[in-house]
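What follows is a set of notes on a single structure, which appears directly below.
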Amino acid sequence: MFELMKLPYAQDALEPVISKETISYHYGKHHQGYVDNLNKIVKGTAYENMELEEIIREAGADLPRDGKGNELDSQYCPGRGSSLFTNAAQVYNHNLYWNSLRPDEPVGSGMSQTAEAYINEYWGSVDRLKETLTTTATKLFGSGWVWICKHEDDSPFVRATHDAGTPLDDPLVTPLLVIDVWEHAYYLQYKNDRTAYIDAIWPVINWDNLA
Ligand code: FE
-9 MFELMKLPYA QDALEPVISK ETISYHYGKH HQGYVDNLNK IVKGTAYENM ELEEIIREAG
51 ADLPRDGKGN ELDSQYCPGR GSSLFTNAAQ VYNHNLYWNS LRPDEPVGSG MSQTAEAYIN
111 EYWGSVDRLK ETLTTTATKL FGSGWVWICK HEDDSPFVRA THDAGTPLDD PLVTPLLVID
171 VWEHAYYLQY KNDRTAYIDA IWPVINWDNL A
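Going left to right, the sequence shown walks through residues -9 to 201 as the numbering used here numbers them.
Okay, structure coming up:
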């Protein structure tokens, strides 16, 4: 049986950026729903005792790739459209999302020097990384996720995935941080304004995931 992860902070801890009401629906209904669906799907199958990551890799293993860790077109992947993959990936993606956020305490505390040095090394500046994440989020049509991942040689990169897509099914890629850009992540507060949600989110991003 898979269980809903425990949130690493209180449901109101990301206020005012992400409200308690948003988290209550997002975590308590959406994320819980994916866990419940996954449990129903794997019951009595070979997947029942597998780790979440193993299910995702197995169900998404036949994705055609461009050699850089990006799938070419998810429509060609039978596993990608399956409810097993979708629900397992959504459980994993949300787990990382909650761990990619943290309360802004003390207010305006920003990021650690280690994280800042890491970002400066690879992106030149924190603003440049934020711009890249914002552009990637706003260009993504429909529902999905914006990720910071690293290649096997430890070099990081930003990418988006559609719907339940996750980079985890590529063994050469390690996801470090993710922002949920499904509308359910922001609609209660920001309505359909994804850019406003991304603009607001920086103080509660857990940059320590990077370094
Ligand atoms: Fe979500």
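C-beta atoms are modelled at their ideal positions from N, C-alpha and C, and glycine is treated no differently. Note that this is a predicted model, so its numbers are computed, not measured.
As computed with DSSP, residue 170 is found in a beta bridge with 135.
The beta carbon of residue 27 lies closer than 8 Å to those of 73, 77 in the same chain, with the five residues before and after it left out. When Cβ pairs closer than 8 Å are counted between the two stretches, the stretch 150 to 165 is seen to touch the stretch 129 to 142, the count reaching three or more.
Here residue 90 is actually not in contact with residue 112; their C-beta atoms are around 17 Å apart, not less than 8 Å. In summary, residue 117 is exposed, with fewer than 16 beta-carbon neighbours lying within 10 Å of its beta-carbon over all protein chains present. According to the DSSP assignment, residue 149 belongs to the beta strand (DSSP E) that extends over 146 to 152.
Under DSSP, residue 164 forms a beta bridge with 140.
With a cut-off of 7 Å, the C-beta of residue 175 is classified as near the ligand FE, since at least one heavy atom of the ligand falls inside that distance. Taking the Cα positions, residue 167 is about 22 Å away from residue 23.
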